[in-house]
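When the letters of the sequence shown are read in order and numbered with my numbering, they come out as residues -14 to 144.
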Amino acid sequence: MSKLYDDLNEQMNFELESAYIYATMSAYLDEQNMKGMTHFIDKQVEEEMEHAEKIKDFLQETGYGIKYRSLNPGEGKFASIDEVFQKALAHEKVVTSKIHDLVAQAREEGEQRVLNLLAWFVDEQIEEEDTFTVLVERLERINGEWGGLYILDAEMGQR
């Protein structure tokens, strides 16, 4: 198989690592007793696992042998609730960049099957970045005020 498929395999691993990164965020939010935010990020963990599964299934269906690597969730240390969501937004921008690089590579190689798979991820990343951009903006406006944080926490628990 080509380098493109190796890079897709790496993206699968990165999606798994993303789940672990979000799990550290969830643990921090739980320590802050922000149960709605914890629930919201737990759903994010599930989504990242589903993303990895989608790539894994594609790779297996096209005859590629899956390779797993060690995952690094980072230290899981956050200075504030705001920082959790700022880091989440920054992380999603990295994911978007990686997906766009894969699209460019697939176009270059004329790999229509991969382009079809990645089209879903391109759309998904628009949604992911928008979600976290809105949350970061709302948290900036709340400015650490507990009343606002608790209202946002309750809303996020509805995800």
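Heads up, the beta-carbon is just placed ideally off N, CA and C, and yes, glycines get one too.
When we look at the beta-carbon of residue i and count the other beta-carbons within 10 Å, is it buried (16 or more) or exposed?
{"i": "N57", "result": "exposed"}
{"i": "S55", "result": "exposed"}
{"i": "Y13", "result": "buried"}
{"i": "E46", "result": "exposed"}
{"i": "I111", "result": "exposed"}
{"i": "N(-6)", "result": "buried"}
{"i": "S82", "result": "exposed"}
{"i": "Q97", "result": "exposed"}
{"i": "A73", "result": "buried"}
{"i": "Y53", "result": "exposed"}
{"i": "S3", "result": "buried"}
{"i": "E31", "result": "exposed"}
{"i": "E33", "result": "buried"}
From which residue to which residue does the alpha helix (DSSP H) around residue i run?
{"i": "L44", "result": "K20 to E46"}
{"i": "S11", "result": "K(-12) to E16"}
{"i": "E112", "result": "Q97 to I127"}
{"i": "Y49", "result": "Here Y49 belongs to no alpha helix (DSSP H), and DSSP marks it neither H nor E."}
{"i": "L87", "result": "I66 to E94"}
{"i": "E140", "result": "W131 to M141"}
How many whole angstroms separate the CB atoms of residue i and residue j, which I take to be in contact at a CB cut-off of 8 Å?
{"i": "G21", "j": "D138", "result": "4 Å"}
{"i": "E77", "j": "F117", "result": "6 Å"}
{"i": "F102", "j": "F43", "result": "Note on identity: in this sequence residue 102 is Leu, with Phe being the wrong assignment. Yes, L102 and F43 are in contact; Cβ-Cβ is about 5 Å, under 8 Å."}
{"i": "Q29", "j": "Y7", "result": "5 Å"}
Could you tell me whether the Cβ atoms of residue i and residue j are closer together than 8 Å?
{"i": "M10", "j": "A37", "result": "no"}
{"i": "Q90", "j": "D(-8)", "result": "yes"}
{"i": "V121", "j": "Q71", "result": "yes"}
{"i": "M19", "j": "I51", "result": "no"}
{"i": "V99", "j": "L(-11)", "result": "yes"}
{"i": "R144", "j": "F25", "result": "yes"}
{"i": "S(-13)", "j": "E94", "result": "yes"}
{"i": "I40", "j": "E0", "result": "yes"}
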